[in-house]
Each structure stands twice: as C-alpha cells, then as structure tokens.
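Undergrad: Mind the numbering: the sequence shown is residues 22 to 282 in my numbering, read in order.
Below: one structure in structure tokens.
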Amino acid sequence: MQIDINELIELVKSVKPMFLNHTEAEHVTVKGRADFVTQVDIRVQEYMRNELSKRWTDVQFMGEEKDNSDIDFNGAVWILDPVDGTTNLIHDFKDSALSLGLCEQGQVTLGVIYQPFLDEIFWAQKGKGAFCNGKPIHVSDTRKLEDSLVAVGTSPYHRDLTEENFNAIRCIYEHCVDIRRMGAASVDLAYVACGRVEAYFERNLKPWDFAAGKIIVEEAGGRVIDIKGSSANAMAPSDIIAGNGYIEEDIKKLLIERRIQ
C-alpha cells in the first residue's frame, strides 16, 4: 500500500496540542488497577481514526480504546495507541507518546512514534530505514550485556505476575550497567532504535504497545523477539525483548537459565 509518509507525519504531529492540554488529562476514567483513560486518549483516538479514514479509506482501524473484535488481519490495519503512557500523562511526567503502526497481511510495514513533549518523531517503512526528526537512526553497537543500559517494563496491569516480573528485572539488572523504566513501551522501543538503550524487556504487551516500535527497531538494525526467541507477533499480546541484535539474545538466554519464561 502506498502511504505518503510525510503526510502521515504531519497528521501525527498535529495531535501535539491535545497532549499538552493538561486540563483534559485530569479527566480520568479507571478501567482497572493502574489502567486509566483520559479525555486526551479519547480525543486523540477519534481524531486519528477520522483523519486516517478520510485519507486511506480501505484500511481498518484498531485502537486501544475500542472493541477490535471485527479486525481482519488478512487486510490492512492501522494499529493505534493514542496515548502510550497514560499514567505518565495524568501525573504530568512528560513521557508519553502516540504510537501508530500499519499491518498488511500480518506484517508490520510502517511505524510512527511521536513524543510531543520532546517533539521527537520516529518512523520507519519496511526496507527504507528508520529515522528520528528526519535523520537516520541505528541501534547501538554494544555487544555485551555487562556494558548495556536496558529499559524494562513492570506490566502494571498484571499484578499477579509481580514476583515473576521483578525476579526477571532483577536478573537483568544484575548483569547490565543499569536499568531504566520510562512507562511507555513505544518510547522504550524508539530508544532502542536510536541507540539510547541497548535493549528493552516487558511482558504482556498489546499490539498497539509495540507494533510501530517493532518495525522501527528492525529498520534501525535491531530485533524484537519473544522470550522463546521467535520474532514477536504484532497481531497478538506478547512478551517481548527488543535489542540491537546482540543484547536481546543475552537477555533471552539469561531468562531461560533462570527459568523465567
């Protein structure tokens, strides 16, 4: 499918005023423990849904804040997280992003991640490389976990896995330089792609959390795998390890050795 990436980037960047409207960020609905939706989430999703459908009429729409049971992945599908890092937004933590992927016949072919507070926009198209604000990006060339900075997620919606998750995080921490917890999976993935961190690990991510980030990391020279080492499936919930082509393998082996799967 032909997508004018510049047109798409301008559309994505137009949501910035919505993210910066802190009054609407304070209108919160609780979906579950540590799982919130604000008026910003709802406004951004409806705006993007409407604008995408005007421009690309044949593409289905999957969004975090809607029922997606009718999605057919044999066709083309936009996969949107309108606000990745809603808890950060509520707390004015200034580390939230819009994440938009395009899936065609089961493969992610395009991804855009926009962090409006830093005004950084990351994107990639299959076979065309990865970029941040128009400049090519590439994963880190660090080859040892002991020299690496690793981003982690705590899977806050799944408190039943807390002990297992924190055991895994501690295991990684003991073998790397340090860990980081940004609170937005798309931002973590973008940071892997541009080499700010060597790897990222989190369990129970949904397609809208990592579809866009997956192709951006891959086009930047990295990999996004599940804990067993297969390429992560962006059409279903997944446990993922993203890395620069070296460090994700070290993390996978470490977790298998510790029987954390």
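The beta-carbon is built from N, C-alpha and C at its ideal position, and this holds for glycine as well.
As the structure is a prediction and not an experimental result, all values here were calculated from the model.
Roughly how many whole angstroms lie between the Cα atoms of Glu85 and Ile262?
TA: Numbered from its first residue, the sequence shown carries residue 85 at position 64. Numbered from its first residue, the sequence shown carries residue 262 at position 241. Distance between the alpha carbons of Glu85 and Ile262 is about 22 Å.
Undergrad: On the DSSP bridge assignment, give the partners of Trp144 in chain order.
TA: For the purposes of this step, residue 144 is identified with residue 123 of the sequence shown, where counting begins at 1. DSSP lists Val133, Phe152 as partners of Trp144.
Undergrad: Rounded to whole angstroms, what is the Cα-Cα separation between Gly204 and Tyr178?
TA: Translated into positions along the sequence shown, residue 204 becomes position 183. Translated into positions along the sequence shown, residue 178 becomes position 157. Answer to the nearest angstrom: the Cα atoms are 12 Å apart.
Undergrad: Give the straight-line distance between the Cα atoms of Leu182 and Lys235, rounded to the nearest whole angstrom.
TA: Within the sequence shown, residue 182 is the residue found at index 161, counting from 1. Within the sequence shown, residue 235 is the residue found at index 214, counting from 1. Whole-angstrom Cα-Cα distance: 24 Å.
Undergrad: Taking the alpha-carbon positions, what's the Gly132 to Lys165 distance?
TA: By one-based count along the sequence shown, residue 132 stands at place 111. By one-based count along the sequence shown, residue 165 stands at place 144. Roughly 28 Å between the two C-alpha positions.
Undergrad: Does the segment 191-210 come close enough to the segment 70-88 to have 3 or more Cβ pairs within less than 8 Å?
TA: Counting C-beta pairs closer than 8 Å gives fewer than three between the segment 191-210 and the segment 70-88, which falls short of the contact rule.
Undergrad: Gly150: which of Thr130, Ala241, Lys273 sits nearest, CA to CA?
TA: Working through the sequence shown from its first residue, we reach residue 150 at position 129. The residue with the shortest Cα to Cα distance from Gly150 is Ala241.
Undergrad: Taking its Cβ as the centre, do 16 or more other Cβ atoms sit within 10 Å of Asn265, making it buried, or is it exposed?
TA: Taking the first residue of the sequence shown as position 1, residue 265 is located at position 244. It is buried - the Cβ of Asn265 has at least 16 other Cβ atoms within 10 Å.
Undergrad: Considering only their Cβ atoms, is the gap separating Tyr221 from Val208 smaller than 7 Å?
TA: Walking along the sequence shown from the start, residue 208 turns up at place 187. Walking along the sequence shown from the start, residue 221 turns up at place 200. For Val208 and Tyr221, no; Cβs fall outside 7 Å.
Undergrad: Quick one: Cα of Leu41 to Cα of Gln146, how far?
TA: As a first step, residue 41 is located in the sequence shown; it is residue number 20 there, counting from the start. As a first step, residue 146 is located in the sequence shown; it is residue number 125 there, counting from the start. When only Cα atoms are considered, Leu41 and Gln146 end up about 28 Å apart.
Undergrad: Tell me where the alpha helix (DSSP H) around Phe82 begins and ends.
TA: Here residue 82 refers to the residue found at position 61 of the sequence shown. Segment 81-84 is the beta strand (DSSP E) holding Phe82; no alpha helix (DSSP H) there.
Undergrad: Who are the near neighbours of Glu278 in its chain, counting only those whose CB is closer than 8 Å to its CB and skipping five residues on each side?
TA: For the purposes of this step, residue 278 is taken as residue 257 along the sequence shown, with counting starting at 1. Excluding the 5 residues flanking it on each side, Glu278 has no same chain C-beta neighbour closer than 8 Å.
Undergrad: Quick one: Cα of Ala55 to Cα of Glu184, how far?
TA: Taking the first residue of the sequence shown as position 1, residue 55 is located at position 34. Taking the first residue of the sequence shown as position 1, residue 184 is located at position 163. Residue confidence is low: Ala55 scores 45 on pLDDT, short of 50, so the model does not pin down where it sits. Its coordinate-derived value is still stated next. Answer to the nearest angstrom: the Cα atoms are 17 Å apart.
Undergrad: Alpha carbons only, please: which of Ile268, Asp79, Asp105 is nearest the one belonging to Ile63?
TA: As a first step, residue 63 is located in the sequence shown; it is residue number 42 there, counting from the start. Ranking Ile268, Asp79, Asp105 by Cα distance to Ile63 puts Asp105 first.
Undergrad: So, helix, strand or coil for Gly234, using DSSP?
TA: The count along the sequence shown starts at 1 and reaches residue 234 at position 213. If DSSP states are grouped into helix, strand and coil, Gly234 belongs with the helices.
Undergrad: Quick one, are the C-beta atoms of Gly122 and Ala232 less than 7 Å apart?
TA: By 1-based counting over the sequence shown, the position of residue 122 is 101. By 1-based counting over the sequence shown, the position of residue 232 is 211. Closer than 7 Å, so yes.
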